[in-house]
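Visitor: In this note's numbering, the protein residues as written are 3 to 145.
1. Below 9 Å between beta carbons: does that hold for residue 60 and residue 142?
2. Under the three-state reduction of DSSP, which class applies to residue 2: helix, strand or coil?
3. Starting from residue 118, follow its DSSP beta bridges and name the residues at the other end.
4. To the nearest whole angstrom, what separates the beta carbons of residue 89 and residue 100, a pair I think is in contact under 8 Å?
5. Taking the alpha-carbon of residue 91 as reference, which of 114, 110, 131 has the nearest alpha-carbon?
6. Just to confirm my understanding: we take residue 34, look at its own chain, exclude 5 residues before and 5 after, and list those with CB closer than 6 Å. What are they?
7. Please tell me whether residue 131 and residue 117 are closer than 9 Å, where the distance is taken between their beta carbons.
8. Since residue 45 and residue 126 should fall inside the 8 Å C-beta cutoff, what is the C-beta to C-beta distance between them, to a whole number of angstroms?
9. Based on the DSSP secondary-structure assignment, which residues constitute the bridge partners of residue 55?
10. Go ahead and label residue 53 buried or exposed: buried means 16 or more other beta carbons lie within 10 angstroms of its beta carbon, across all protein chains shown.
11. In whole angstroms, what separates the C-alpha of residue 79 from that of residue 48?
12. Check the C-beta distance from residue 32 over to residue 57 and give it rounded, since I have them as a contact under 8 Å.
13. CA-CA distance, residue 136 and residue 129?
14. Look at residue 98 and residue 81 and say whether their C-beta atoms are less than 9 Å apart.
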């Protein structure tokens with residue numbers, strides 16, 4: 003069962019790493035809208051690896067992990083919905099979200115978003131927390 007949970011979490015994380023898109027500028031949508039968009043795009047199975055790397059804090063450090071997840075067939079039907087965003091200053095936010103895999107949802111999660119160079123990204127701690135649900139912590143999460 004633990005292995006199945008790990009594969010599911012990996013698939014979810016992988017799906018979070020697809021389809022590329024351009025970051026929003028400060029004259030565009032509000033910070034909360036940008037954060038929601040970053041989470042939805044990161045966890046979308048339609049976002050490619052390069053796009054997921056751009057949407058994740060310290061993304062290049064996690065690229066090998068994202069590639070592994072992306073190659074898992076279970077990652078082909080992953081999505082996320084954001085129920086709330088609470089700004090914690092100008093460059094950090096708390097995000098409450100649910101990751102869906104096919105017809106199943108993981109329990110509601112609380113994660114972070116960070117603003118780097120004017121772009122809101124999924125906090126890498128959020129990804130590490132999801133992976134830890136599977137009982138493992140990759141080296142990228144330990145640094």
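Just so you know, even glycine gets a beta-carbon here, dropped at the ideal spot from N, CA and C.
Guide: So, from the listed chains and residues:
1. If you number the chain shown from 1, residue 60 lands on position 58. If you number the chain shown from 1, residue 142 lands on position 140. Result yes, Cβ atoms of residue 60 and residue 142 sit closer than 9 Å.
2. No statement about residue 2 is possible, as the shown extent of the chain runs from 3 to 145 and does not include it.
3. Position 116 of the chain shown, counted from the first residue, corresponds to residue 118. DSSP, once it has assigned bridges, lists 121 as partnering residue 118.
4. Locating residue 89 in the chain shown gives position 87, where the first residue counts as 1. Locating residue 100 in the chain shown gives position 98, where the first residue counts as 1. That pair is no contact at about 20 Å.
5. In the chain shown, counting from the first residue as 1, residue 91 sits at position 89. Of 114, 110, 131, the smallest CA-CA separation from residue 91 is found for 114.
6. Start at 1 with the first residue of the chain shown, and residue 34 comes out as number 32. Here the set comprises 87.
7. Translated into positions along the chain shown, residue 131 becomes position 129. Translated into positions along the chain shown, residue 117 becomes position 115. Cβ atoms of residue 131 and residue 117: not closer than 9 Å.
8. One-based indexing of the chain shown puts residue 45 at position 43. One-based indexing of the chain shown puts residue 126 at position 124. No, residue 45 and residue 126 are not in contact; Cβ-Cβ is about 14 Å, not under 8 Å.
9. The sequence position of residue 55 within the chain shown is 53, counting from 1. The partner list for residue 55 (beta bridge, DSSP) is empty, contrary to what the question assumes.
10. Position 51 of the chain shown holds residue 53. Buried is the call here.
11. Mapped onto the chain shown, residue 79 falls at position 77. Mapped onto the chain shown, residue 48 falls at position 46. Computed Cα separation, rounded: 9 Å.
12. Walking along the chain shown from the start, residue 32 turns up at place 30. Walking along the chain shown from the start, residue 57 turns up at place 55. With 8 Å as the limit, residue 32 and residue 57 do not qualify as a contact, their Cβ atoms being about 18 Å apart.
13. By one-based count along the chain shown, residue 136 stands at place 134. By one-based count along the chain shown, residue 129 stands at place 127. Those two C-alpha atoms are separated by around 12 Å.
14. Mapped onto the chain shown, residue 98 falls at position 96. Mapped onto the chain shown, residue 81 falls at position 79. Not a contact, by the Cβ cut-off of 9 Å.
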